[in-house]
Amino acid sequence: MLDWTWEQWAEPLFLSLRIALIASVIVLALGTLVAWLMTKKPLQGALWLETLFMLPLVLPPTVVGFLLLVVIGRRGWAGKAYEWLFGQPVIFTWMAAVIAAVIVAFPLVYQTMKNGFAAVDKHLVEAARSAGASEWQVFRHISLPLASRSLMTAYLLGFARSLGEFGATLMVAGNIPGVTQTTPTAIYVAVESGHMGLAWAWTGAIVFISFVMLYLTGRRSGRLDW
């Protein structure tokens, strides 16, 4: 007999999916735009910028979470701005979990899209510009379609990284059941409290979702593009 209910299992999972869906869309748009700007024209100090962009990939999640806490906390400039706009602090809300997911997923999305744009035939881009196309038209009709496989892979990586985010999320969103408790934090608590059946149920759901996403992406593109 199960020692847990459907509601106990579904609540953190659905919250994780909602956070991952929102964060993956935001980080895909942001990462694609930044990658396009960085590959469109060489910038002075580009190496410094790229190093900054990639930092969340190598920093410990708790360090990322602490820095976010400083920025979006009630004393941080971004936290004060959010509270002024929406009348409540962003810290320890599900929106803080979205922000954490965007930050940690950005390096993967950015690097994937940068490689995709770098592989676009420059002759086609120059030909479009010579024909009078604006930079937006070149991006929309040439660069983005030709980098569509990278776009799909970038979204997959962004979603998967957002779905599995733990350390930074715990720092800025906490682990409040029904409010900010995501599946990774719920698994941690379940293992700590000895509820192995519930931990396995959540783990199985995450593995299944990740497997289906990988399979569908690989089937559509003919192979996984990494």
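So in numbering that gives the first Met the number 0, the last spot in the sequence shown is 225, and the numbers never skip.
For each residue, glycine too, the CB sits at the ideal point set by N, CA and C.
Fair warning: this is a prediction, and the values are worked out from it, not measured in the lab.
Under the three-state reduction of DSSP, Ile90 is assigned to coil, being neither helix nor strand. Around the beta carbon of Arg139, a 10 Å sphere encloses fewer than 16 other beta carbons of the protein chains shown; the residue is thus reported as exposed.
Rounded to whole angstroms, Gly30 and Ala132 show a C-alpha spacing of 23 Å. Contact between Thr38 and Lys113 is confirmed by a C-beta separation of about 6 Å, below the 8 Å threshold. Membership of Gly163 in the alpha helix (DSSP H) is indicated by the continuous run Ser147 to Gly163. Fewer than three beta-carbon pairs drawn from the region 184 to 198 and the region 55 to 64 are found closer than 8 Å, and the two stretches are therefore not classed as touching. When the alpha-carbon of Met170 is set against those of Val24, Thr61 and Trp35, the nearest one is in Thr61. Counting C-beta pairs with one atom in each stretch, the region 2 to 15 and the region 168 to 186 have three or more that are closer than 8 Å, which means they touch. Distance check between Arg17 and each of Val211, Phe210, His194 and Leu162 places Leu162 closest, using alpha-carbon atoms only. In terms of Cα proximity to Ile208, the closest of His194, Thr168 and Arg160 is Arg160. Boundaries for Lys40: no alpha helix (DSSP H) harbours it, and the DSSP string shows neither H nor E there.
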